[in-house]
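The sequence shown finishes on residue 463 if you use the working numbering, and the numbering steps up by one all the way, no holes. Have a look at the structure below before the remarks.
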Amino acid sequence: MARISGSVDTVSWPDIRTGHGAAAGLVLLWLLALTVSWVRFMRIAPAAQGRYFFPAAPALLLLWAWSWWGLGPRLGRRLAEFTVAGLAVLALLTPWWIIRPAYTPPPMSPAGDAAPEVVFGAGAPQIGLLPGSAPLPTLHPGQTVALDVTWRSLAPVERDYSVFVHLVDEVGLPAAQVDTLPGRGLWATSQWQPGTELRDRYFLHIPETIYTPGQVRWVIGLYHAATGERLPRMDVDAASSLAGAELGRSSLVPREAGSIPNPMQARFGDNISLVGYAFSARVLRPGEPVTVRLYWQARGPVQQDYVAFVHLLDEAGNMFGGHDAPPAPPTSIWAAGQMVEDVHTFILPPETPPGRYRFELGLYTYPDMDRLVVLDASGAEGADRLFLGPVRVEAAP
(Lines of atoms letter the chains of each structure in order from A and count residues from 1; the text may use other names and numbers.)
(Lines give C-alpha, C1' and ligand atoms only; values in the text may rest on other atoms or scores of the structure.)
Protein backbone atom coordinates (compact mmCIF):
# COMPACT_ATOMS: atom_id res chain seq x y z
CA MET A 1 0.00 0.00 0.00
CA ALA A 2 2.77 2.42 0.88
CA ARG A 3 4.53 1.66 -2.41
CA ILE A 4 1.35 2.41 -4.30
CA SER A 5 0.66 5.65 -2.42
CA GLY A 6 4.21 6.83 -2.94
CA SER A 7 4.23 6.20 -6.66
CA VAL A 8 0.90 7.72 -7.62
CA ASP A 9 2.42 11.10 -8.44
CA THR A 10 4.99 9.61 -10.86
CA VAL A 11 2.96 6.88 -12.60
CA SER A 12 -0.31 7.67 -14.37
CA TRP A 13 -3.38 5.42 -14.25
CA PRO A 14 -3.12 4.43 -17.94
CA ASP A 15 0.47 3.30 -17.34
CA ILE A 16 -0.61 1.05 -14.52
CA ARG A 17 -3.55 -0.31 -16.49
CA THR A 18 -1.41 -1.22 -19.50
CA GLY A 19 2.05 -1.68 -18.02
CA HIS A 20 1.12 -3.72 -14.97
CA GLY A 21 -1.29 -6.17 -16.55
CA ALA A 22 0.99 -9.10 -15.74
CA ALA A 23 1.17 -8.04 -12.09
CA ALA A 24 -2.62 -7.70 -11.89
CA GLY A 25 -3.00 -11.09 -13.52
CA LEU A 26 -0.67 -12.64 -10.97
CA VAL A 27 -2.73 -11.14 -8.13
CA LEU A 28 -5.95 -12.49 -9.63
CA LEU A 29 -4.36 -15.89 -10.19
CA TRP A 30 -3.32 -16.00 -6.53
CA LEU A 31 -6.88 -15.21 -5.44
CA LEU A 32 -8.28 -17.87 -7.76
CA ALA A 33 -5.87 -20.52 -6.47
CA LEU A 34 -6.74 -19.70 -2.85
CA THR A 35 -10.47 -19.72 -3.57
CA VAL A 36 -10.36 -23.11 -5.32
CA SER A 37 -8.26 -24.71 -2.57
CA TRP A 38 -10.42 -23.21 0.18
CA VAL A 39 -13.69 -24.35 -1.43
CA ARG A 40 -12.27 -27.83 -1.96
CA PHE A 41 -11.22 -28.04 1.69
CA MET A 42 -14.67 -26.86 2.84
CA ARG A 43 -16.31 -29.64 0.79
CA ILE A 44 -14.12 -32.22 2.54
CA ALA A 45 -14.35 -30.80 6.08
CA PRO A 46 -17.24 -28.29 6.27
CA ALA A 47 -16.58 -25.91 9.15
CA ALA A 48 -15.94 -22.26 9.87
CA GLN A 49 -12.35 -22.09 8.57
CA GLY A 50 -12.20 -18.52 7.28
CA ARG A 51 -8.67 -18.10 8.62
CA TYR A 52 -7.41 -20.22 5.74
CA PHE A 53 -8.30 -17.33 3.44
CA PHE A 54 -6.13 -14.83 5.33
CA PRO A 55 -3.25 -15.17 2.80
CA ALA A 56 -5.56 -13.47 0.30
CA ALA A 57 -5.58 -10.22 2.31
CA PRO A 58 -2.58 -8.57 0.54
CA ALA A 59 -4.00 -9.38 -2.89
CA LEU A 60 -7.43 -8.03 -1.92
CA LEU A 61 -5.85 -4.82 -0.62
CA LEU A 62 -3.92 -4.32 -3.84
CA LEU A 63 -7.04 -4.79 -5.94
CA TRP A 64 -8.96 -2.45 -3.65
CA ALA A 65 -6.27 0.23 -4.01
CA TRP A 66 -6.10 -0.16 -7.79
CA SER A 67 -9.89 0.17 -8.06
CA TRP A 68 -9.89 3.50 -6.18
CA TRP A 69 -6.79 4.62 -8.04
CA GLY A 70 -8.89 4.68 -11.18
CA LEU A 71 -10.72 7.74 -9.86
CA GLY A 72 -7.57 9.76 -10.37
CA PRO A 73 -4.01 10.08 -9.01
CA ARG A 74 -4.80 12.78 -6.42
CA LEU A 75 -7.86 11.06 -4.94
CA GLY A 76 -6.19 7.66 -5.17
CA ARG A 77 -3.17 8.89 -3.25
CA ARG A 78 -5.31 10.42 -0.51
CA LEU A 79 -7.37 7.25 -0.14
CA ALA A 80 -4.23 5.12 0.06
CA GLU A 81 -2.74 7.39 2.72
CA PHE A 82 -5.93 7.44 4.80
CA THR A 83 -6.25 3.67 4.51
CA VAL A 84 -2.69 3.06 5.70
CA ALA A 85 -3.16 5.54 8.55
CA GLY A 86 -6.48 3.96 9.55
CA LEU A 87 -5.02 0.46 9.57
CA ALA A 88 -2.09 1.69 11.66
CA VAL A 89 -4.47 3.19 14.24
CA LEU A 90 -6.54 0.00 14.26
CA ALA A 91 -3.39 -2.09 14.80
CA LEU A 92 -2.45 0.11 17.77
CA LEU A 93 -5.92 -0.07 19.34
CA THR A 94 -6.65 -3.77 18.75
CA PRO A 95 -4.53 -5.14 21.65
CA TRP A 96 -6.34 -2.89 24.15
CA TRP A 97 -9.77 -2.72 22.54
CA ILE A 98 -10.27 -6.38 21.51
CA ILE A 99 -7.47 -8.74 22.59
CA ARG A 100 -7.06 -7.65 26.21
CA PRO A 101 -10.80 -7.83 27.12
CA ALA A 102 -11.10 -11.21 25.38
CA TYR A 103 -8.21 -12.72 27.34
CA THR A 104 -8.86 -11.13 30.74
CA PRO A 105 -9.90 -13.92 33.13
CA PRO A 106 -13.26 -13.50 34.86
CA PRO A 107 -12.88 -12.64 38.55
CA MET A 108 -12.59 -15.29 41.26
CA SER A 109 -14.62 -13.86 44.15
CA PRO A 110 -14.66 -14.88 47.83
CA ALA A 111 -17.00 -17.80 48.55
CA GLY A 112 -20.48 -16.99 49.80
CA ASP A 113 -22.41 -18.51 52.69
CA ALA A 114 -24.59 -20.88 50.63
CA ALA A 115 -23.48 -24.51 50.74
CA PRO A 116 -22.73 -26.21 47.40
CA GLU A 117 -25.54 -28.43 46.13
CA VAL A 118 -23.08 -30.78 44.39
CA VAL A 119 -19.55 -31.72 45.48
CA PHE A 120 -16.87 -33.21 43.22
CA GLY A 121 -13.55 -34.64 44.32
CA ALA A 122 -10.93 -37.36 43.95
CA GLY A 123 -10.97 -38.99 47.38
CA ALA A 124 -11.95 -35.77 49.16
CA PRO A 125 -14.18 -32.76 48.41
CA GLN A 126 -12.37 -30.43 45.99
CA ILE A 127 -14.90 -28.52 43.86
CA GLY A 128 -18.44 -27.49 44.72
CA LEU A 129 -21.23 -26.56 42.32
CA LEU A 130 -23.93 -23.97 42.98
CA PRO A 131 -26.49 -23.81 40.14
CA GLY A 132 -27.27 -20.35 38.83
CA SER A 133 -30.05 -19.67 36.35
CA ALA A 134 -32.65 -22.43 35.99
CA PRO A 135 -32.72 -24.17 32.58
CA LEU A 136 -35.41 -22.93 30.22
CA PRO A 137 -38.58 -25.03 30.49
CA THR A 138 -39.03 -25.19 26.70
CA LEU A 139 -36.42 -25.59 23.97
CA HIS A 140 -36.67 -25.47 20.17
CA PRO A 141 -34.46 -26.92 17.40
CA GLY A 142 -31.85 -24.41 16.27
CA GLN A 143 -31.97 -22.43 19.51
CA THR A 144 -28.86 -21.34 21.44
CA VAL A 145 -29.32 -21.22 25.20
CA ALA A 146 -27.13 -20.07 28.09
CA LEU A 147 -26.56 -21.84 31.40
CA ASP A 148 -25.11 -20.01 34.43
CA VAL A 149 -23.38 -21.88 37.26
CA THR A 150 -20.98 -21.08 40.09
CA TRP A 151 -17.96 -23.24 40.88
CA ARG A 152 -16.44 -23.13 44.38
CA SER A 153 -12.91 -24.23 45.20
CA LEU A 154 -12.99 -26.39 48.35
CA ALA A 155 -9.42 -27.75 48.26
CA PRO A 156 -6.38 -27.57 45.95
CA VAL A 157 -6.70 -29.50 42.67
CA GLU A 158 -3.65 -30.87 40.88
CA ARG A 159 -5.30 -31.61 37.53
CA ASP A 160 -6.80 -29.19 35.04
CA TYR A 161 -10.39 -30.34 34.47
CA SER A 162 -12.72 -29.57 31.58
CA VAL A 163 -16.46 -28.94 31.89
CA PHE A 164 -19.17 -30.85 30.04
CA VAL A 165 -22.80 -29.81 29.70
CA HIS A 166 -25.07 -32.43 28.13
CA LEU A 167 -28.71 -32.46 27.15
CA VAL A 168 -29.55 -36.12 27.70
CA ASP A 169 -32.61 -37.40 25.84
CA GLU A 170 -35.10 -40.06 26.85
CA VAL A 171 -32.94 -42.79 25.33
CA GLY A 172 -30.03 -41.76 27.55
CA LEU A 173 -27.89 -40.23 24.78
CA PRO A 174 -26.54 -36.65 24.58
CA ALA A 175 -28.83 -34.84 22.15
CA ALA A 176 -26.71 -31.69 22.45
CA GLN A 177 -23.54 -30.87 24.34
CA VAL A 178 -20.73 -28.43 24.94
CA ASP A 179 -17.26 -29.29 26.24
CA THR A 180 -15.10 -26.40 27.36
CA LEU A 181 -12.74 -25.11 30.04
CA PRO A 182 -13.72 -23.05 33.10
CA GLY A 183 -13.66 -19.30 32.67
CA ARG A 184 -13.44 -19.44 28.85
CA GLY A 185 -10.21 -21.40 29.24
CA LEU A 186 -8.60 -18.65 31.33
CA TRP A 187 -8.97 -20.24 34.78
CA ALA A 188 -7.38 -23.69 35.03
CA THR A 189 -8.73 -25.64 38.00
CA SER A 190 -5.17 -26.19 39.25
CA GLN A 191 -4.94 -22.41 39.78
CA TRP A 192 -8.08 -22.09 41.87
CA GLN A 193 -7.57 -20.93 45.46
CA PRO A 194 -9.68 -22.65 48.14
CA GLY A 195 -12.41 -20.38 49.43
CA THR A 196 -13.03 -18.63 46.09
CA GLU A 197 -15.82 -18.91 43.53
CA LEU A 198 -16.02 -18.64 39.74
CA ARG A 199 -19.26 -17.60 38.08
CA ASP A 200 -19.33 -19.16 34.63
CA ARG A 201 -21.68 -19.19 31.65
CA TYR A 202 -21.95 -21.90 28.99
CA PHE A 203 -23.72 -21.62 25.63
CA LEU A 204 -25.30 -24.69 24.13
CA HIS A 205 -26.73 -24.95 20.60
CA ILE A 206 -29.77 -27.17 20.06
CA PRO A 207 -29.28 -29.08 16.76
CA GLU A 208 -31.78 -28.46 13.97
CA THR A 209 -32.19 -32.24 13.65
CA ILE A 210 -32.98 -32.96 17.31
CA TYR A 211 -36.04 -35.17 17.80
CA THR A 212 -39.23 -33.39 18.88
CA PRO A 213 -41.36 -33.58 20.93
CA GLY A 214 -39.40 -34.96 23.84
CA GLN A 215 -37.80 -34.40 27.22
CA VAL A 216 -34.14 -33.72 27.99
CA ARG A 217 -32.14 -33.57 31.21
CA TRP A 218 -29.44 -30.94 31.81
CA VAL A 219 -26.33 -32.72 33.11
CA ILE A 220 -23.05 -31.02 34.04
CA GLY A 221 -19.76 -32.39 35.30
CA LEU A 222 -15.95 -32.26 35.18
CA TYR A 223 -13.48 -34.52 33.41
CA HIS A 224 -9.77 -34.75 32.61
CA ALA A 225 -9.46 -34.12 28.86
CA ALA A 226 -6.21 -36.08 28.42
CA THR A 227 -7.62 -39.31 29.89
CA GLY A 228 -11.39 -38.82 29.68
CA GLU A 229 -11.71 -39.64 33.40
CA ARG A 230 -14.58 -37.87 35.11
CA LEU A 231 -14.13 -36.23 38.49
CA PRO A 232 -16.44 -38.24 40.79
CA ARG A 233 -19.23 -36.73 42.84
CA MET A 234 -18.78 -37.02 46.59
CA ASP A 235 -22.43 -36.37 47.54
CA VAL A 236 -23.96 -39.51 45.97
CA ASP A 237 -23.34 -43.25 46.05
CA ALA A 238 -20.50 -44.78 44.04
CA ALA A 239 -22.83 -46.12 41.33
CA SER A 240 -23.97 -42.59 40.45
CA SER A 241 -20.74 -40.72 41.15
CA LEU A 242 -19.61 -40.49 37.50
CA ALA A 243 -22.98 -39.53 36.00
CA GLY A 244 -22.59 -35.79 36.55
CA ALA A 245 -25.09 -33.49 38.21
CA GLU A 246 -28.62 -33.01 36.88
CA LEU A 247 -29.61 -29.33 36.92
CA GLY A 248 -33.14 -29.62 35.59
CA ARG A 249 -35.31 -30.76 32.70
CA SER A 250 -36.68 -29.12 29.58
CA SER A 251 -39.29 -29.97 26.98
CA LEU A 252 -38.33 -30.09 23.32
CA VAL A 253 -41.04 -28.76 21.03
CA PRO A 254 -41.09 -27.97 17.29
CA ARG A 255 -40.42 -24.37 16.30
CA GLU A 256 -43.75 -24.12 14.47
CA ALA A 257 -46.94 -25.67 15.79
CA GLY A 258 -48.64 -27.92 13.27
CA SER A 259 -45.57 -28.29 11.07
CA ILE A 260 -44.27 -31.63 9.84
CA PRO A 261 -42.57 -33.34 12.81
CA ASN A 262 -38.80 -33.80 12.56
CA PRO A 263 -38.44 -32.46 9.01
CA MET A 264 -35.88 -34.14 6.80
CA GLN A 265 -35.16 -34.82 3.13
CA ALA A 266 -34.45 -38.50 2.42
CA ARG A 267 -34.78 -39.09 -1.32
CA PHE A 268 -35.80 -42.53 -2.55
CA GLY A 269 -35.97 -43.67 -6.14
CA ASP A 270 -39.09 -43.22 -8.29
CA ASN A 271 -39.66 -39.62 -7.10
CA ILE A 272 -40.54 -40.44 -3.47
CA SER A 273 -39.07 -38.54 -0.50
CA LEU A 274 -39.43 -39.00 3.25
CA VAL A 275 -39.90 -35.47 4.63
CA GLY A 276 -40.72 -36.16 8.30
CA TYR A 277 -41.45 -38.77 10.94
CA ALA A 278 -42.69 -39.24 14.50
CA PHE A 279 -42.69 -42.01 17.12
CA SER A 280 -45.49 -42.66 19.59
CA ALA A 281 -42.75 -42.87 22.25
CA ARG A 282 -38.98 -43.20 22.46
CA VAL A 283 -39.13 -45.40 25.56
CA LEU A 284 -40.90 -48.65 24.66
CA ARG A 285 -42.11 -51.59 26.76
CA PRO A 286 -42.71 -55.19 25.68
CA GLY A 287 -46.35 -56.04 25.00
CA GLU A 288 -47.33 -52.42 24.31
CA PRO A 289 -48.23 -50.87 20.93
CA VAL A 290 -45.64 -48.93 18.95
CA THR A 291 -46.65 -46.38 16.31
CA VAL A 292 -44.40 -44.78 13.71
CA ARG A 293 -45.76 -42.02 11.48
CA LEU A 294 -44.01 -41.42 8.17
CA TYR A 295 -44.55 -38.36 5.99
CA TRP A 296 -43.95 -39.06 2.30
CA GLN A 297 -43.91 -36.57 -0.55
CA ALA A 298 -43.90 -37.15 -4.30
CA ARG A 299 -41.23 -35.21 -6.19
CA GLY A 300 -42.93 -36.11 -9.47
CA PRO A 301 -44.98 -38.93 -11.03
CA VAL A 302 -44.54 -42.30 -9.25
CA GLN A 303 -44.50 -45.29 -11.61
CA GLN A 304 -45.48 -48.18 -9.31
CA ASP A 305 -47.40 -49.10 -6.17
CA TYR A 306 -45.09 -49.72 -3.23
CA VAL A 307 -45.35 -51.28 0.21
CA ALA A 308 -43.78 -49.35 3.10
CA PHE A 309 -42.01 -51.28 5.87
CA VAL A 310 -41.02 -50.27 9.40
CA HIS A 311 -38.98 -52.77 11.47
CA LEU A 312 -37.47 -52.47 14.95
CA LEU A 313 -33.86 -53.70 15.12
CA ASP A 314 -31.53 -54.21 18.05
CA GLU A 315 -27.88 -53.16 17.95
CA ALA A 316 -26.94 -56.52 16.39
CA GLY A 317 -29.48 -56.10 13.58
CA ASN A 318 -32.04 -58.63 14.90
CA MET A 319 -35.68 -57.70 14.23
CA PHE A 320 -38.18 -57.38 17.10
CA GLY A 321 -41.48 -56.56 15.48
CA GLY A 322 -42.54 -54.36 12.63
CA HIS A 323 -45.26 -53.51 10.16
CA ASP A 324 -45.50 -53.67 6.35
CA ALA A 325 -48.38 -52.01 4.49
CA PRO A 326 -48.94 -49.89 1.37
CA PRO A 327 -49.50 -46.17 1.99
CA ALA A 328 -52.99 -44.83 1.37
CA PRO A 329 -53.65 -43.67 -1.28
CA PRO A 330 -51.48 -45.99 -3.42
CA THR A 331 -48.17 -44.46 -4.47
CA SER A 332 -48.88 -44.76 -8.22
CA ILE A 333 -51.63 -42.12 -8.04
CA TRP A 334 -49.68 -39.56 -6.00
CA ALA A 335 -49.53 -36.16 -7.65
CA ALA A 336 -46.28 -34.21 -7.83
CA GLY A 337 -45.83 -32.36 -4.53
CA GLN A 338 -48.52 -34.38 -2.73
CA MET A 339 -47.77 -35.22 0.91
CA VAL A 340 -49.06 -38.43 2.51
CA GLU A 341 -49.11 -39.40 6.19
CA ASP A 342 -48.37 -43.11 6.55
CA VAL A 343 -49.09 -44.72 9.95
CA HIS A 344 -47.55 -48.04 11.05
CA THR A 345 -48.55 -49.69 14.35
CA PHE A 346 -47.44 -53.01 15.83
CA ILE A 347 -47.20 -54.69 19.23
CA LEU A 348 -43.72 -54.97 20.69
CA PRO A 349 -43.12 -58.70 21.31
CA PRO A 350 -43.21 -59.68 25.01
CA GLU A 351 -39.78 -61.35 24.72
CA THR A 352 -38.05 -58.12 23.56
CA PRO A 353 -35.04 -57.61 25.86
CA PRO A 354 -34.19 -54.19 27.33
CA GLY A 355 -31.69 -52.13 25.39
CA ARG A 356 -31.16 -49.62 22.62
CA TYR A 357 -32.93 -50.11 19.27
CA ARG A 358 -33.54 -48.31 16.00
CA PHE A 359 -36.08 -48.48 13.19
CA GLU A 360 -35.34 -49.46 9.61
CA LEU A 361 -37.78 -48.35 6.94
CA GLY A 362 -38.16 -48.27 3.21
CA LEU A 363 -40.35 -49.18 0.25
CA TYR A 364 -40.62 -52.29 -1.93
CA THR A 365 -42.73 -53.71 -4.72
CA TYR A 366 -44.98 -56.72 -4.15
CA PRO A 367 -44.75 -59.64 -4.84
CA ASP A 368 -41.18 -59.43 -6.21
CA MET A 369 -39.95 -57.65 -3.01
CA ASP A 370 -37.62 -55.28 -4.90
CA ARG A 371 -36.71 -52.41 -2.59
CA LEU A 372 -36.40 -48.80 -3.66
CA VAL A 373 -32.90 -47.42 -3.13
CA VAL A 374 -32.04 -44.27 -1.19
CA LEU A 375 -30.36 -41.56 -3.29
CA ASP A 376 -27.49 -39.39 -2.07
CA ALA A 377 -27.16 -35.64 -2.65
CA SER A 378 -25.79 -36.19 -6.15
CA GLY A 379 -28.57 -38.60 -7.09
CA ALA A 380 -26.41 -41.72 -6.91
CA GLU A 381 -28.03 -44.90 -5.64
CA GLY A 382 -27.11 -46.16 -2.19
CA ALA A 383 -28.69 -48.40 0.46
CA ASP A 384 -32.16 -49.87 0.19
CA ARG A 385 -33.29 -48.80 3.66
CA LEU A 386 -33.19 -45.84 6.03
CA PHE A 387 -32.55 -45.86 9.78
CA LEU A 388 -34.40 -43.72 12.35
CA GLY A 389 -33.93 -43.50 16.08
CA PRO A 390 -32.59 -44.55 18.45
CA VAL A 391 -35.25 -45.66 20.93
CA ARG A 392 -34.93 -47.53 24.20
CA VAL A 393 -36.80 -50.63 25.38
CA GLU A 394 -37.35 -50.95 29.12
CA ALA A 395 -38.18 -54.14 30.97
CA ALA A 396 -41.87 -54.81 31.42
CA PRO A 397 -43.12 -53.83 34.91
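Note that beta-carbon positions come from the ideal geometry of N, C-alpha and C, so glycine has one too.
- CB residue 230 to CB residue 299, shorter than 9 Å? Not closer than 9 Å, so no.
- Message: Given this structure, state the Cα-to-Cα distance separating residue 322 from residue 236, to the nearest angstrom.
- Response: Taking the straight line from one Cα to the other gives about 22 Å.
- Task: Report yes or no: do three or more beta-carbon pairs, one from the region 244-254 and one from the region 199-210, lie closer than 8 Å?
- Result: When Cβ pairs closer than 8 Å are counted between the two stretches, the region 244-254 is seen not to touch the region 199-210, the count staying below three.
- Starting from the C-beta of residue 402, find all residues in its chain whose C-beta is less than 6 Å away, skip the five residues before and the five after it, and write them out in chain order. Taken in chain order, the residues that qualify are 364, 366.
- Message: Whether or not the region 376-391 and the region 338-346 are in contact is what I'm after, with contact meaning three or more pairs of Cβ atoms, one per stretch, closer than 8 Å; do they touch?
- Response: By the C-beta criterion, the region 338-346 is judged not to be in contact with the region 376-391, since fewer than 3 inter-stretch pairs fall below 8 Å.
- Looking at the structure shown, is residue 208 part of a helix, part of a strand, or coil, going by DSSP? DSSP places residue 208 in the coil class of the three-state scheme, outside both helix and strand.
- Query: Using the rule of at least 16 other Cβ atoms within 10 Å of the residue's Cβ for burial, across every protein chain shown, is residue 102 buried or exposed?
  - Reply: By the 10 Å Cβ count, residue 102 comes out exposed.
- Helix, strand or coil: how does DSSP classify residue 165 here? Looking at residue 165 - three-state DSSP - the assignment turns out to be helix.
- Of the listed residues 414, 330, 409, nearest to residue 354 (C-alpha basis): Measuring C-alpha to C-alpha distances from residue 354 to each of 414, 330, 409 identifies 414 as the nearest.
- Message: For residue 426, list the residues DSSP reports as bridge partners.
- Response: When beta bridges are read from the DSSP output, residue 426 appears opposite 377, 453.
- Task: Compare the C-alpha of residue 267 against each of 172, 154, 373, 406 and name the closest.
- Result: Measuring from the Cα of residue 267, the nearest candidate turns out to be 172.
- Item | Minimum C-alpha distance to residue 248 - residue among 391, 217, 100, 389 | Among 391, 217, 100, 389, the Cα nearest to that of residue 248 belongs to 217.
- Any chance you could list the alpha helix (DSSP H) runs of at least 4 consecutive residues sitting entirely within the region 237-315, in chain order? Listed in chain order, there is nothing to give.
- How big is the Cα-Cα spacing for residue 191 and residue 265? The alpha-carbon atoms of residue 191 and residue 265 are separated by roughly 19 Å.
- Task: Taking all protein chains shown into account, decide if residue 239 is buried (16 or more other Cβ within 10 angstroms of its Cβ) or exposed.
- Result: Flag for residue 239 reads exposed.
- With 16 other Cβ atoms within 10 Å as the buried cut-off, status of residue 68: With a pLDDT of 41 at residue 68, under the threshold of 50, the modelled position of that residue is not reliable, and no figure is offered here.
- Query: For residue 338, does the count of other Cβ atoms within 10 angstroms reach 16, so buried, or fall short, so exposed?
  - Reply: Under the 10 Å beta carbon count, residue 338 is surrounded by 16 or more other beta carbons and is classified as buried.
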